[in-house]
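**Q** In order, the protein sequence lines correspond to chains A and B.
Just so it is clear: in the first sequence, position 71 is 221 by the numbering used here, and no numbers are missing.
Just so it is clear: in the second sequence, position 47 is 178 by the numbering used here, and no numbers are missing.
All residues carry an ideal CB built from backbone N, CA and C; glycine is no exception.
The structure that follows is given in the form of structure tokens.
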Amino acid sequence: MKLLKDRIAQWSMVGLLTAVAATSLYAPSASAHGEKSQAAFMRMRTIHWYDLHWSKEKVKVNDSVEISGKFHVFEGWPETVAEPDTAFLNIGIPGPVFIRKESYIGGQLVPRSVRLEIGKTYEFRVVLKARRPGDWHVHTMMNVEGGGPIIGPGKWITIEGSMGDFKNPITTLTGQTIDLENYNLENTYFWHSFWYAIGLAWIVYWVRRPTFLPRFLLVNAGRADELVSKTDKRVGLGFAAATIVIVIFAQSAANGKYPITIPLQAGTMRGMRPIDEPKSTIAVKVEDATYRVPGRAMRMKLTITNNGNAAVRLGEFYTASVRFLDSDVYKDTTGYPEDLLAEDGLEVSDNSPIAPGETRTVEVTASDAAWEVYRLSDIIYDPDSRFAGLLFFFDAEGNRVIQQVDAPLIPSFL
Amino acid sequence: MSALQSAVRSHAEAVKVSRTIDYLGLFIFFFVVCGSYHIHAMLTMGDWDFWSDWKDRRLWVTVTPIVLITFPAAVQYFLWERFRQPWGATVCVLALLFGEWINRYFNFWGWTYFPVNFVFPAILVPGAILLDTILLLSGSYLFTAVVGGMAWGLIFYPGNWPIIAPIHVPVEYNGVLMSIADIQGYNYVRTGTPEYIRMVEKGTLRTFGKDVAPVSAFFSAFMSILIYFLWHFVGRWFANVRFLKST
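Structure follows, in structure tokens:
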């Protein structure tokens with residue numbers, strides 16, 4: 151017996167040490183959301199997020215942060231991704247470090263999934279409430295059923311304070327104000343403990359007597375009936391009756407305490423209101439486009455026709471959340487994440503104003519390390535190697551005209 | 132000591148060894164069932180039991196008893212047939228709940244900070260007690276399958292109602308009617324679990340008005356009977372003693 155006990159103690163210690171070593175010696179924290187791993191064509195040709203604004207970069211526990219902006223559901227939505235007939239405006243954060251207090255598309259609260267129309271642009275707004283201290287990467291995000299998560303730009307936000315101070319009060323239609331952080335917790339613990347104790351009592355009643363070997367021998371000897379006495383059956387009957395009575399009583403008591411309840415609310419919300427955008431006054435034809443792998447640069451040959459009333463210049467090329475700017479034309483002042491912003495990443499062979507009615511062919515180069523860092527250059531390995539994005543033109547008064555581009559991309563390895 | 136000599140030298144020592152084997156066996160049995168039944172539960176009912184905003188009156192009520200009567204049916208056969216022990220179902224659900232509470236407390240709350248009132252598991256003990264006591268009183272697997280399986284399915288929703296009733300209280304949330312459970316699901320962000328994945332309140336039981344839970348429970352109970360039969364045979368296969376006879 152001693153040998154057996156020693157062996158068990160030895161192997162238990164080995165198991166414990168292995169468990170401790172496996173979980174504590176090397177456990178790095180994950181700080182991103184795999185946004186760079188998502189296929190580049192998917193990020194380029196599904197949801198285009200722009201005009202984004204994060205209201206704060208540092209907050210205290212219980213403070214709110216608002217992320218607002220617009221997203222365009224791209225016309226050239228890839229066939230390999232399911233269309234956004236059922237989509238959910240989500241937020242990319244590492245668990246509930248913030249809680250989502252509100253989220254709106256076109257001014258309508260969207261706690262459930264929605265239907266989006268391809269080719270439309272929507273305004274959105276998400277209000278988060280800080281819950282857990284730390285530095286958190288907060289992404290805009292749209293989940294599309296059959297398409298997966300489509301992640302937008304992410305920005306670091308710092309939460310200070312203590313999670314113990316976090317409160318999440320809600321007032322019910324029955325007039326009760328509760329804190330969702332701990333509401334119903336004692337009740338949950340009570341019922342689980344109560345039933346667990348009854349279950350344990352049932353087992354203990356049987357295992358306080360010899361449990362396995364003697365009973366096995368008696369069963370094998372054909373004397374199984376001797377193992378269950380009349381008292382055992384009476385106790386069993388008592389447990390069964392008590393179980394039924396307690397369940398009926400508990401259900402009835404819960405109905406008395408909570409007379410008004412509703413089922414879970416579900417179903418897709420339709421009729422999201424898109425932005426009423428005027429038709430673009432700029433026409434752009436992509437003559438050809440190449441991606442030069444060693445130079446981390448994409449070159450496009452564009453024929454641009456200005457059908458508007460004011461002369462315009464190309465100020466920005468946006469693709470997959472990365473913004474390539476010509477700083478002579480446009481400078482970002484919104485605090486857009488630096489790693490996604492190439493402030494001088496856009497070169498246009500002739501970026502003098504394009505007069506109304508003029509058509510001009512120019513070479514546009516978008517170059518920045520972001521092509522590699524954000525693995526956009528991997529588009530050449532995608533199953534649908536087309537690039538896409540938005541071009542932003544500006545007139546002298548700062549008015550903006552948006553035009554999308556969508557064309558095949560040829561890689562250049564030399 | 133030769134192979135023909137006994138490992139014990141007295142009756143008292145034999146009793147002591149027998150009890151030690153009992154305790155070791157119970158310990159090992161509990162954790163083996165805990166691990167295997169827990170994996171089975173997570174793979175089959177998964178999100179329905181993870182989140183309060185999945186615990187609806189249609190699919191949660193239907194799916195959970197059906198997929199969870201499996202191990203109790205098998206273990207009941209093993210313990211009753213070989214040891215005349217009528218606690219197979221109860222030990223299964225206690226082991227499962229033990230594993231689930233460790234998972235919910237240390238993983239869901241400790242690592243990812245979801246409040247426990249959002250991620251608590253379902254109560255399963257009442258159904259298990261009924262399954263075990265029905266087997267004890269009837270001594271019949273057929274009777275246990277039909278009556279016990281029915282009881283297992285029917286008692287699930289009322290057994291859990293004291294916990295879930297408070298989270299079905301209505302709230303007007305920025306102009307939208309939501310239950311407290313819906314708000315929990317909306318507030319506590321699950322980046323990898325978009326709302327449309329949530330399979331709740333789907334189906335064609337609309338002609339039953341608001342009383343769909345009993346209908347779902349009856350369907351679940353009926354299916355539980357069938358699944359009990361299937362897993363009873365799994366228990367038979369696992370409880371065979373051919374290898375003992377050959378030694």
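How far does the beta strand (DSSP E) with A/Phe221 in it extend, from its first residue to its last?
**A** Ser214 to Val223 is the extent of the beta strand (DSSP E) around A/Phe221.
**Q** Can you give the Cα-Cα distance for A/Gly539 and A/Val555, rounded to whole angstroms?
**A** 5 Å
**Q** Counting only beta-carbon atoms, is B/Arg235 nearer than 8 Å to chain A?
**A** no
**Q** At the 8 Å Cβ level, is B/Ser137 part of the contact set with chain A, yes or no?
**A** no
**Q** Chain E partners of B/Ala296, CB-CB under 8 Å?
**A** Included in the structure are the protein chains A and B, with no chain E among them.
**Q** Comparing alpha-carbon positions, which option in B/Leu261, B/Phe251 and B/Thr275 lies nearest A/Trp341?
**A** Measuring from the Cα of A/Trp341, the nearest candidate turns out to be B/Phe251.
**Q** CB-CB under 7 Å to B/Thr378, same chain, minus the five flanking residues each way: which ones, in chain order?
**A** Note on B/Thr378: pLDDT 47, under 50, position unreliable in the model; the coordinate value appears next. None.
**Q** Does DSSP put B/Met309 in a helix, a strand or coil?
**A** Three-state result, B/Met309: strand.
**Q** Could you list the residues in the segment 286-313 of chain B with a C-beta less than 8 Å from some C-beta on chain A, going in chain order?
**A** Ile286, Pro289, Gly290, Trp292, Pro293, Ile294, Ala296, Pro297, Ile298, His299, Val300, Pro301, Val302, Glu303, Tyr304, Asn305, Gly306, Val307, Leu308, Met309, Ser310, Ile311, Ala312 and Asp313
**Q** With 8 Å as the threshold, decide whether the Cβ of A/Ala159 is near any Cβ in chain B.
**A** no
**Q** Alpha carbon to alpha carbon, how far is B/Leu308 from A/Gly257? Give it in angstroms, no decimals.
**A** 17 Å
**Q** Per DSSP, what kind of secondary structure is A/Lys186 in: helix, strand or coil?
**A** In the structure shown, A/Lys186 sits in coil (DSSP, three-state: anything other than H, G, I, E or B).
**Q** Going by C-alpha distance, which of B/Tyr272, B/Val206, B/Asp180 and B/Gln207 is nearest B/Trp232?
**A** B/Asp180
**Q** Nearest by alpha-carbon distance to A/Pro261: which of B/Leu255, B/Tyr304 and B/Ala145 is it?
**A** B/Tyr304
**Q** How many Å lie between A/Ile268 and A/Glu229 at the Cα?
**A** 12 Å
**Q** Along chain A, which residues have their Cβ under 8 Å away from the Cβ of B/Thr195?
**A** Per Cβ cutoff of 8 Å: no residues; B/Thr195 is ~15 Å from chain A at best.
**Q** Looking only at DSSP bridge pairs, what is A/Pro561 linked to?
**A** A/Tyr441
**Q** Kindly list, in the order they appear in chain B, the residues whose Cβ is closer than 8 Å to that of A/Ile353.
**A** Trp218, Thr221, Val222 and Leu225
**Q** What residue range does the alpha helix (DSSP H) around A/Tyr468 cover?
**A** Annotation: A/Tyr468 is outside any alpha helix (DSSP H); the continuous beta strand (DSSP E) that includes it extends over Val462 to Thr469.
**Q** Take the Cβ of B/Lys147 as the centre, count every other Cβ of all protein chains shown within 10 Å, and call the residue buried at 16 or more, exposed below.
**A** With fewer than 16 other Cβ atoms within 10 Å, it is exposed.
**Q** So, does the CB of A/Gln553 fall closer than 8 Å to a CB anywhere in chain B?
**A** no
**Q** State the beta-bridge partners of A/Ala416 as determined by DSSP.
**A** Answer is none; A/Ala416 lacks a bridge partner.
**Q** Quick one: using the 10 Å Cβ neighbour count with 16 as the cut-off for buried, is B/Val222 buried or exposed?
**A** Buried, by the Cβ-count rule.
**Q** Which two residues bound the contiguous beta strand (DSSP E) that contains A/Lys210?
**A** Lys208 to Lys210
**Q** Chain B beta carbons: is any one of them nearer than 8 Å to that of A/Val378?
**A** yes
**Q** Tell me whether B/Arg235 is buried or exposed, calling it buried when 16 or more other Cβ atoms sit within 10 Å of its Cβ.
**A** buried
**Q** B/Val149 touches chain A at which residues, Cβ-Cβ below 9 Å?
**A** It is worth fixing the name first, because residue 149 of chain B is Ser in this sequence and not Val. Correct list: Pro360, Thr361, Phe362, Leu363 and Pro364.
**Q** When the distance is taken between beta carbons, is A/Phe221 closer than 8 Å to A/Trp199?
**A** Between A/Trp199 and A/Phe221, the C-beta spacing is below 8 Å.
**Q** For a contact defined as C-beta to C-beta under 8 Å, what are the partners of A/Thr338 on chain B?
**A** Those within 8 Å of A/Thr338 in chain B are Val247, Asn248, Phe251 and Ile294.
**Q** Ordered along the chain, which non-local residues of its own chain (more than five positions away) have a Cβ less than 7 Å from that of B/Phe161?
**A** Val222 and Ala226
**Q** Between A/Ser263 and chain B, is the shortest Cβ-Cβ distance under 8 Å, so that the two count as touching?
**A** yes
**Q** Got a sec: is the Cβ-Cβ distance from A/Trp306 to anything in chain B below 8 Å?
**A** no
**Q** Spatial neighbours of A/Phe563 within its chain, please: CB distance less than 6 Å, with the 5 preceding and 5 following residues excluded, ordered by chain position.
**A** Val443
**Q** With a threshold of 16 other CB atoms inside 10 Å of the CB of A/Ala172, please say whether the residue is buried or exposed.
**A** exposed
**Q** Within 10 angstroms of its Cβ, does A/Lys305 collect 16 or more other Cβ (buried), or is it exposed?
**A** buried
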